[in-house]
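S.K.: Residue numbers (the numbering used here): 111 to 449.
Just so it is clear, CB atoms sit at the ideal spot from N, CA and C, and this is done for glycine as well.
Remember, it's a predicted structure, so these values are computed and weren't measured experimentally.
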Amino acid sequence: MKPIVLAIKRPFLLKSLVFSILQRLVLVIGLPNNFSNSLIGLLGSKHLFLVTTSLIFLLKKQQYTGHWCLTATLLFTALCQLYFDATEFTSFRGSLMIASMKQISFAYDTQKMTSANHQSLKESLCSMISSLKYLAIAIFFVTYSSCLAEEMPHLLGFPMLHKYTTAQSYRTSHYFVSYFAMFTAYISGFGDAAETTKWSKVEWPSSMSDVVVYWNMPMHRFLHKYIFQKTRFNFGYATAMFSTFLASSLLHGFNFLLTAVLLSLGFYAYAESAFRNGLSNKLNACLKSRKCVPDCQHRFKKNEFWVAALNLAFVFLKHFSSGLFGSSFPTNRCPRIRL
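1. Could you give the DSSP three-state label for residue 395: helix, strand or coil?
2. So does the segment 269 to 282 actually touch the segment 238 to 248, counting three or more Cβ pairs closer than 8 Å?
3. Closer than 7 Å by C-beta to residue 247: which residues in its own chain qualify, once you throw out the five before and the five after it? Chain order, please.
4. Quick one: Cα of residue 278 to Cα of residue 306, how far?
5. Whole angstroms are fine: how far does the CA of residue 357 sit from the CA of residue 283?
6. If you draw a straight line from the C-alpha of residue 184 to the C-alpha of residue 331, how long is it?
7. State the start and end residues of the unbroken alpha helix (DSSP H) segment that holds residue 362.
8. So is residue 403 buried or exposed if we call it buried at 16+ other beta carbons inside 10 Å?
9. Using 10 angstroms around the beta-carbon of residue 158, count the other beta-carbons present and answer buried if the total reaches 16, otherwise exposed.
10. Which of the three DSSP states is assigned to residue 410 in this structure?
11. Rounded to the nearest angstrom, what separates residue 462 and residue 325 at their Cα positions?
12. Tell me the rounded alpha-carbon separation between residue 215 and residue 328.
13. On a CA-only basis, which of 398, 369, 334, 316 is nearest residue 385? Give me that one, please.
14. Tell me whether residue 381 sits in a helix, a strand or coil according to DSSP, three-state version.
15. Taking a contact to mean a Cβ-Cβ separation below 8 Å, would you say residue 292 touches residue 382 in this structure?
16. Reducing DSSP to helix, strand and coil, say where residue 156 ends up.
17. Just verifying my parser: in three-state terms, what is the DSSP assignment at residue 190?
18. With a CB to CB cut of under 8 Å and the five nearest residues on each side skipped, what residues in its chain are close to residue 262?
19. Shortest alpha-carbon distance to residue 208 belongs to which of 380, 362, 343?
20. Does the separation of the CB atoms of residue 280 and residue 309 fall below 8 Å?
21. Mind listing, in chain order, the continuous alpha helix (DSSP H) runs of no fewer than 4 residues lying wholly within the segment 273 to 301?
22. Assign residue 400 to one of three DSSP states: helix, strand, or coil.
23. Specify, as a first and last residue, the run of the alpha helix (DSSP H) that residue 246 falls within.
24. Going straight from the alpha carbon of residue 313 to that of residue 188, what length do you get?
25. Specify, as a first and last residue, the run of the alpha helix (DSSP H) that residue 334 falls within.
And the structure:
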């Protein structure tokens, strides 16, 4: 239980909770939009990314503002990794990645900003109370990751499961961070956009695309909108997919192991998608890597016995392959869960 106590005592969790509650108060009071946005920015950002923010406002009427900001942000990440040692850079890499994504999306969407709807005090209180379930789920996952995962092979009498539970420990530590982020988003007043991950889709994926989509949903939406769609229009599907995974690895920092894992996932997802789409077209059946719409034109639907059997076989295959996702990362738990 010591890692859990250390995690709770870390200042970041307390700062996140305090900032989330202050942000909710700012939204509930109903201040003018410009004033409330400025106040939230002062509370949360301080002096981070002044260069890219200045670049956005200087070039906001130019056609390639987003491209310039993307280049400057990735260059800033690279310089940070060169300047700081590996341990120090890893300690703030997650915050840097999130801030980079916010800056890039803001640069592309400067002309599409809309005002948010404010909740009443009663709605805010109900939302804050309902958010406690995400805190409970987060506590469960950090308990499993820190205390139970290593003991499961011995408790079940299967020492061969050690590699699987090591990988699962890595994944559940990610679920802890994701559900804690959902909890803070709800108490901050952003419940409509709070969904961060779907652990069941990652643990039992119907295809590798499910792992890619549901592992980190906000980042997937960001990469799909600002990298994949813009690259696919000019260079095609395959180039767009690998460019997306390459951009993801750059945002995470120039780490060889992480880049290799992300690019391997990209190759795996592309190969599986091409194979299953071709098989679906050949057999005229619902066998694609992503689920078909209810009124699809396939002759053999997913409720056909042999179609369901093939899809189930793919599920078990993906569970075996994705079940080891995370086993190649370091097993030292304390530095791995960066809070």
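M.R.: On the basis of the supplied data:
1. Strand.
2. The segment 269 to 282 is not in contact with the segment 238 to 248.
3. Excluding residues within five positions, the ones whose Cβ falls inside 7 Å are 289.
4. Spanning the two alpha carbons is a distance of roughly 18 Å.
5. Taking the straight line joining both Cα atoms gives about 23 Å.
6. Rounded to whole angstroms, residue 184 to residue 331 spans 18 Å at the Cα level.
7. Run containing residue 362: 347 to 362, per the alpha helix (DSSP H) assignment.
8. By the 16-neighbour rule on beta-carbons within 10 angstroms, residue 403 is exposed.
9. Below a pLDDT of 50, predicted positions are generally treated as unreliable, and residue 158, at 47, falls in that range; no measurement from the model is reported.
10. In this structure, residue 410 counts as strand in the three-state DSSP scheme.
11. A question about residue 462 goes unanswered here, because the residues of the chain that appear run from 111 up to 449.
12. Their backbone Cα atoms lie some 12 Å apart in a straight line.
13. The residue with the shortest Cα to Cα distance from residue 385 is 398.
14. Residue 381: helix per DSSP, three-state reduction.
15. Contact: no.
16. Annotation note: pLDDT 48 at residue 156 (below 50); position unreliable, coordinate value reported separately. It is coil, neither helix nor strand.
17. The answer is helix: DSSP assigns residue 190 an H, G or I state.
18. These residues qualify, in order along the chain: 271, 275.
19. Sorting 380, 362, 343 by C-alpha distance to the C-alpha of residue 208 places 362 at the top.
20. The Cβ atoms of residue 280 and residue 309 lie no closer than 8 Å to each other.
21. Fully enclosed alpha helix (DSSP H) runs of 4 or longer: not present.
22. If DSSP states are grouped into helix, strand and coil, residue 400 belongs with coil.
23. Run containing residue 246: 242 to 253, per the alpha helix (DSSP H) assignment.
24. Residue 188 has its alpha-carbon roughly 33 Å from the corresponding atom of residue 313.
25. Taken as a continuous stretch (DSSP letters only), residue 334 belongs to no alpha helix (DSSP H), as it is neither H nor E.
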